[in-house]
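For the sequence shown, the numbering used here begins at 349 and goes up steadily by one.
First up is the structure itself, then whatever we jot down about it.
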Amino acid sequence: MIEELLPECVVTVEAHGQDETGHTPLFPEEEAAVARAVAKRRREFTVVRSCARRAMAKLGVPPQAVLPGERGAPVWPDGLAGSMTHCDGYCAAALVRAADLASLGIDAEPDGPLPEGVLAAVALPAEAERLARLAADHPGVHWDRLLFSAKESVYKAWFPLTGRWLDFSEADIRIAVDPADPRRGTLLATLLVPGPLVGGRPVTAFAGRWSARRGLVASAVTVPHG
Numbered sequence: 349m350i351e352e353l354l355p356e357c358v359v360t361v362e363a364h365g366q367d368e369t370g371h372t373p374l375f376p377e378e379e380a381a382v383a384r385a386v387a388k389r390r391r392e393f394t395v396v397r398s399c400a401r402r403a404m405a406k407l408g409v410p411p412q413a414v415l416p417g418e419r420g421a422p423v424w425p426d427g428l429a430g431s432m433t434h435c436d437g438y439c440a441a442a443l444v445r446a447a448d449l450a451s452l453g454i455d456a457e458p459d460g461p462l463p464e465g466v467l468a469a470v471a472l473p474a475e476a477e478r479l480a481r482l483a484a485d486h487p488g489v490h491w492d493r494l495l496f497s498a499k500e501s502v503y504k505a506w507f508p509l510t511g512r513w514l515d516f517s518e519a520d521i522r523i524a525v526d527p528a529d530p531r532r533g534t535l536l537a538t539l540l541v542p543g544p545l546v547g548g549r550p551v552t553a554f555a556g557r558w559s560a561r562r563g564l565v566a567s568a569v570t571v572p573h574g
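Here is the structure:
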């Protein structure tokens with residue numbers, strides 16, 4: 349599901365369901381990071397890192413620990429950029445050589461409505477208006493949840509480049525629908541604060557893709573060099 353949203357230079361590994369059987373064990377330093385976590389957190393932490401190591405293998409990189417760094421962002425081995433996501437019954441990791449992309453972010457969420465009050469905290473007024481039009485034209489997708497997913501993907505691509513927090517209100521996301529398939533499309537996030545410098549040039553917007561199927565909404569954002 350995530351693979352179809354990303355360019356060919358990115359490798360992805362997904363895991364469906366709750367079973368940890370067949371997944372690689374945690375490194376000792378990873379075990380220490382979740383020593384006091386609840387069972388659900390430990391399971392997702394373990395499975396998504398197993399996905400990450402299988403993605404490393406696809407790139408010919410030896411398996412290594414992926415520890416949570418500042419604000420929980422994964423710390424990738426030198427020479428790699430990546431992103432991970434997990435929700436109930438689904439985990440995925442996406443990796444790329446840092447020479448091929450400056451950054452990327454992925455996110456998957458259950459294809460259901462956001463909890464009461466969350467949309468008001470997430471959406472700009474203009475975004476909420478656009479979501480209402482999308483819902484009227486294409487009622488088969490939970491657009492509020494997709495907007496949340498897109499904002500998460502944007503943040504995951506933003507943070508490795510800046511080391512700074514990006515509030516939900518600091519990126520204006522436009523979601524476009526594929527005319528041939530209303531359950532997939534593109535997204536464009538215009539940054540409302542100064543963006544990172546990539547290749548000596550300021551980034552003012554992040555572009556990506558989305559899809560809604562198999563009970564999930566998923567989004568992915570990539571930031572090219574230059």
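For each residue, glycine too, the CB sits at the ideal point set by N, CA and C.
Just so we're clear, the structure is a prediction, and the values are computed from it rather than from any experiment.
Whether residue i touches residue j by CB criterion (9 Å)
i    : j    : result
A297 : A537 : Absent from the model: residue 297. The displayed extent of the chain is 349 to 574, so no value can be given.
A413 : E378 : yes
V571 : V546 : yes
C399 : C435 : no
P530 : P542 : no
R390 : V382 : yes
G460 : H486 : no
L407 : V359 : yes
R419 : P411 : no
F554 : A519 : yes
M349 : A456 : yes
G563 : P458 : yes
Contact belief for residue i with residue j at Cβ below 8 Å, rounded distance in angstroms
i    : j    : result
V569 : G417 : Not quite, the Cβ-Cβ distance comes to about 19 Å (not below 8 Å), so this is no contact.
L472 : S517 : 6 Å
V470 : F496 : 5 Å
L494 : W506 : Actually they are not in contact, since the Cβ atoms of L494 and W506 sit about 18 Å apart, beyond 8 Å.
G437 : G533 : Incorrect: roughly 24 Å between the Cβ atoms, too far for contact.
D492 : L509 : With 8 Å as the limit, D492 and L509 do not qualify as a contact, their Cβ atoms being about 27 Å apart.
L535 : S559 : Not a contact, Cβ separation roughly 11 Å.
C357 : L449 : 7 Å
L353 : R557 : 4 Å
M432 : P422 : 6 Å
Residues that DSSP places opposite residue i in a beta bridge
i    : result
S567 : D455, W558
D529 : D526
L545 : P550
F537 : Phe is not the amino acid found at residue 537; the sequence shown has Ala there. I521, F554.
First and last residue of the uninterrupted alpha helix (DSSP H) at residue i
i    : result
L509 : 491-510
D485 : 473-485
V396 : 387-406
E377 : 376-381
V584 : A query on residue 584 cannot be resolved here, the shown segment of the chain reaching from 349 to 574 and no further.
L467 : 466-470
Segment limits, beta strand (DSSP E) that includes residue i
i    : result
V359 : 359-364
Chain B within 9 Å of residue i, Cβ atoms only
i    : result
A442 : Protein chain content of the structure displayed is limited to a single chain, and chain B is not contained in it.
Runs of beta strand (DSSP E) wholly within the segment 412-463 (minimum 3 residues, chain order): 428-435, 438-445, 451-458
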